[in-house]
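Undergrad: Protein chains in written order, with my numbering: chain A, 1 to 134; chain B, 135 to 268.
Positions of the beta carbon are idealized from the N, C-alpha and C atoms, including for glycine.
Take a look at this one; I'll ask things after.
2 protein chains.
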Amino acid sequence: MIGRLNHIAIAVPDLAASCRQYTQMLGADVGDAQDLPEHGVTVVFVTLPNTKVELLHPLGEASPIAGFLEKSPGGGIHHVCYEVEDILAARDRLTEEGARVLGDGTPRTGAHGKPVLFLHPKDFDGCLIELEQV
Amino acid sequence: MIGRLNHIAIAVPDLAASCRQYTQMLGADVGDAQDLPEHGVTVVFVTLPNTKVELLHPLGEASPIAGFLEKSPGGGIHHVCYEVEDILAARDRLTEEGARVLGDGTPRTGAHGKPVLFLHPKDFDGCLIELEQV
């Protein structure tokens, strides 16, 4: 069911410092910062040959990653995103198998403009999983 | 400098349960468990179209992931691994730019039989990075 790893998302306390790490230390292809006010984050994409790293920084008052950075002020891996062909079929399979989908199970539009769902990290070894329909 | 994302490694408290999650819930291609006593882990590879997930479980008395699971008994993302062409050149660039390489800076042989180094997570937003020469 799951396809490609679309991205790893890392919550970062200092976006400019993180961009320097990935550019100068790791020599990666780092894009420009994009504000996504409807998602409460500023995001920078690091493009690798086979996938992406997304650096996430809180934007605005009610950012979904503010709580994460309160608990882990130095940052950390926030979630991983796998691609699926049919997000409703994926949701139904997961709930039938006993996994918990966050929210009311209705996909919402993710940061890439595509339908996404998040799965409960306690059902996947502490790993927050995003599914994105591609 | 960094190339492909070679894998994400997830430390898991119950390898059989995790294999069921990735097989039945997520419908992924899950391999057989392999004991790597020289690395203190039992590993299961989940093969995705563009990269791998490695499920890590402690093996033996002095497993390098035992401490991680003590702090996070439910599991969690342990590290991410990026490929590099020349691990000594990568190390030299990183240390020149101020990043800390764990240990004495001498690459050791990783779980795939290739030279690896680990970078200090405090220099990369709490993310433990493995570099593997391919």
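#1: Using DSSP bridges, identify the partner residues of residue 109 of chain A.
#2: Could you tell me whether any Cβ in chain A is nearer than 8 angstroms to the Cβ of residue 139 of chain B?
#3: For residue 67 of chain A, which three-state DSSP category applies?
#4: Report yes or no: is there a C-beta of chain B within less than 8 angstroms of the C-beta of residue 117 of chain A?
#5: Within 10 Å of its beta-carbon, does residue 110 of chain A have 16 or more other beta-carbons around it, so buried, or fewer, so exposed?
#6: Does the distance from the CB of residue 97 of chain A to the CB of residue 159 of chain B come in under 8 angstroms?
#7: Strictly by DSSP, which residues pair up with residue 43 of chain A?
#8: Under 8 angstroms, Cβ to Cβ, is there at least one residue of chain A near residue 202 of chain B?
#9: Please state whether the Cβ-Cβ distance between residue 180 of chain B and residue 166 of chain B is less than 8 angstroms.
#10: Rounded to whole angstroms, how far is the Cβ of residue 190 of chain B from the Cβ of residue 214 of chain B, which I believe are closer than 8 angstroms?
#11: Provide the residue span of the beta strand (DSSP E) that contains residue 90 of chain A, from first to last.
#12: Against residue 146 of chain B, what residues of chain A qualify as contacts under a CB-to-CB distance less than 8 angstroms, listed in chain order?
#13: So which residues of chain B does residue 71 of chain A contact, with C-beta pairs closer than 8 angstroms?
#14: Closer than 8 angstroms, Cβ to any Cβ of chain B: which residues of the segment 89-101 of chain A, in chain order?
#15: What residues match up with residue 133 of chain A in a beta bridge as DSSP calls it?
#16: Once the 5 residues before and after residue 10 of chain A are set aside, which same chain residues still bring their CB inside 8 angstroms of it?
#17: Can you tell which of B/207, B/257, B/258, B/235 has its C-alpha closest to the C-alpha of residue 250 of chain B?
#18: Counting along the chain, where does the alpha helix (DSSP H) carrying residue 15 of chain A start and finish?
#19: Counting only C-beta atoms, is residue 182 of chain B closer than 8 angstroms to chain A at any point?
#20: I want to verify the contact list: residues of chain A whose CB lies under 7 angstroms from the CB of residue 269 of chain B, in sequence order.
#21: To which residues of the same chain is residue 202 of chain B closer than 8 angstroms at the C-beta, ignoring the five residues directly before and after it?
#22: Could you work out which residue in B/267, B/262, B/157, B/229 is closest to residue 199 of chain B when comparing CA atoms only?
TA: Once the coordinates are examined:
#1: Counted from its first residue, the first sequence places residue 109 of chain A at position 109. According to DSSP, which records beta bridges pairwise, residue 109 of chain A is partnered with A/115.
#2: For the purposes of this step, residue 139 of chain B is identified with residue 5 of the second sequence, where counting begins at 1. Closer than 8 angstroms to some Cβ of chain A, the Cβ of residue 139 of chain B qualifies, so yes.
#3: In the first sequence, residue 67 of chain A corresponds to position 67, counting from 1. Residue state, collapsed to three classes: helix.
#4: Locating residue 117 of chain A in the first sequence gives position 117, counting from the first residue. So, not an interface residue.
#5: Reading the first sequence from its first residue, position 110 is the one you call residue 110 of chain A. Per the 10 Å Cβ criterion, buried.
#6: To locate residue 97 of chain A, count along the first sequence from 1; it is residue 97. To locate residue 159 of chain B, count along the second sequence from 1; it is residue 25. Contact flag set, yes.
#7: Here residue 43 of chain A corresponds to residue number 43 of the first sequence, with the count starting at 1. Beta-bridge pairing links residue 43 of chain A to A/34, A/56.
#8: As a position in the second sequence, residue 202 of chain B is number 68, starting the count at 1. Not closer than 8 angstroms to any Cβ of chain A, the Cβ of residue 202 of chain B fails to qualify, so no.
#9: Taking the first residue of the second sequence as 1, we reach residue 180 of chain B at position 46. Taking the first residue of the second sequence as 1, we reach residue 166 of chain B at position 32. It is not a contact, given that the beta carbons lie outside the stated cut-off.
#10: Taking the second sequence and counting its residues from 1, the one referred to as residue 190 of chain B is at position 56. Taking the second sequence and counting its residues from 1, the one referred to as residue 214 of chain B is at position 80. The pair is not a contact, with the Cβ atoms about 13 angstroms apart (cut-off 8 angstroms).
#11: The sequence position of residue 90 of chain A within the first sequence is 90, counting from 1. That residue, residue 90 of chain A, is in no beta strand (DSSP E); its alpha helix (DSSP H) goes 87-96.
#12: Along the second sequence, read from residue 1 onward, the residue named residue 146 of chain B stands at position 12. Going along chain A in sequence order, the residues near residue 146 of chain B (Cβ under 8 angstroms) are 125.
#13: Translated into positions along the first sequence, residue 71 of chain A becomes position 71. Under the 8 angstroms cutoff, chain B gives no residues; its nearest Cβ is about 11 angstroms from residue 71 of chain A.
#14: 93, 94, 97, 98, 99
#15: On the first sequence, position 133 is the one that residue 133 of chain A refers to. Note: residue 133 of chain A sits in a beta bridge opposite A/84.
#16: Taking the first residue of the first sequence as 1, we reach residue 10 of chain A at position 10. Excluding sequence neighbours, residue 10 of chain A sits near 18, 53, 54, 55, 56, 75, 76, 77, 78.
#17: Position 116 of the second sequence, counting from 1, holds the residue named residue 250 of chain B. Here the closest residue by C-alpha is B/235.
#18: Translated into the one-based positions of the first sequence, residue 15 of chain A becomes position 15. First-last of the alpha helix (DSSP H) with residue 15 of chain A: 15-20.
#19: As a working mapping, residue 182 of chain B is identified with position 48 in the second sequence. Judged by the 8 angstroms Cβ criterion, residue 182 of chain B is in contact with chain A.
#20: Nothing in the structure corresponds to residue 269 of chain B, since chain B is present only between 135 and 268.
#21: Reading the second sequence from its first residue, position 68 is the one you call residue 202 of chain B. Result list for residue 202 of chain B: 145, 210, 212, in chain order.
#22: For this step, residue 199 of chain B is matched to residue 65 along the second sequence. For residue 199 of chain B, the nearest C-alpha among the options comes from B/262.
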